[in-house]
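The opening residue of the sequence shown carries number 304 in my numbering; numbering runs sequentially from there.
Cβ coordinates follow ideal geometry from the N, Cα and C atoms, glycine included.
Model, not experiment: these values are computed from the prediction.
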Amino acid sequence: MEDYLEENYTLNKPEENLVNVYVEIEQFSNIKYEYNKETNHLEIDRLLSKPYVYPYAYGFIVNTLAEDGDELDILIVSDHKKNTYTNDSFYNVYIIGALDMEDEKGRDPKILCVSKEEYVKIKDINDLTDTVKNNIYRFFTNYKNDVPGKWSKVTQFINKHDAVKLYKESKL
304 MEDYLEENYT LNKPEENLVN VYVEIEQFSN IKYEYNKETN HLEIDRLLSK
354 PYVYPYAYGF IVNTLAEDGD ELDILIVSDH KKNTYTNDSF YNVYIIGALD
404 MEDEKGRDPK ILCVSKEEYV KIKDINDLTD TVKNNIYRFF TNYKNDVPGK
454 WSKVTQFINK HDAVKLYKES KL
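Right under this line is the structure:
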């Protein structure tokens, strides 16, 4: 009986894809903020050139360190009419996949997340529409085009399982 319960119920088991994130940049913002660990403040890094705005709220997973030396980046995919995420705030969200990419510092994946409300219908990156994925892909392919010495290259979308693995590997 115990084996049946363990296999069929997740009572009191933490969800491996539920993460605590810090939002640096609000959805539709053209201001690139960076969190300064020394001052514990958000600072403006640069203004994105027109027509680029962040398609969704952007930030990082708390207590992580990615291959590029920064925290593991996240994008909270949401219906902006239902869920608004303000910068300089913390949220609990669910990992659904990732956008694998690299930039001038090395590999720099963006973990894609959704709120608890959105997670009811969006459990994996394959549940996102092609339009949503194309918007994310295009933004991260082009958002550094006008910045001297910076570049970005998007390689592929990653499923939830592999995105959670990236998260676990980056936990401090």
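Three Cβ pairs or more, each shorter than 8 Å: is that satisfied between the stretch 448-467 and the stretch 358-368? no
So, using beta-carbon positions, are residue 439 and residue 402 closer together than 8 Å? For this step, residue 439 is matched to residue 136 along the sequence shown. For this step, residue 402 is matched to residue 99 along the sequence shown. For residue 439 and residue 402, yes; Cβs fall inside 8 Å.
In angstroms with no decimal places, state the Cα-to-Cα distance between residue 468 and residue 343. Translated into positions along the sequence shown, residue 468 becomes position 165. Translated into positions along the sequence shown, residue 343 becomes position 40. Residue 468 and residue 343: Cα-Cα distance of roughly 28 Å.
Thinking C-alpha only, which one of 319, 413, 407 is nearest residue 400? On the sequence shown, residue 400 is found 97 positions in, with the first residue counted as 1. Taking only the C-alpha atoms, the option nearest residue 400 is 413.
Enumerate, from N- to C-terminal direction, the unbroken beta strand (DSSP E) stretches of 3 or more residues contained entirely within the stretch 416-461. 455-461
So, using beta-carbon positions, are residue 470 and residue 355 closer together than 8 Å? Start at 1 with the first residue of the sequence shown, and residue 470 comes out as number 167. Start at 1 with the first residue of the sequence shown, and residue 355 comes out as number 52. Taking 8 Å as the cut-off, the Cβ atoms of residue 470 and residue 355 do not count as close.
Quick test of the definition: if touching needs 3 or more C-beta pairs under 8 Å, does the stretch 333-353 touch the stretch 424-433? no
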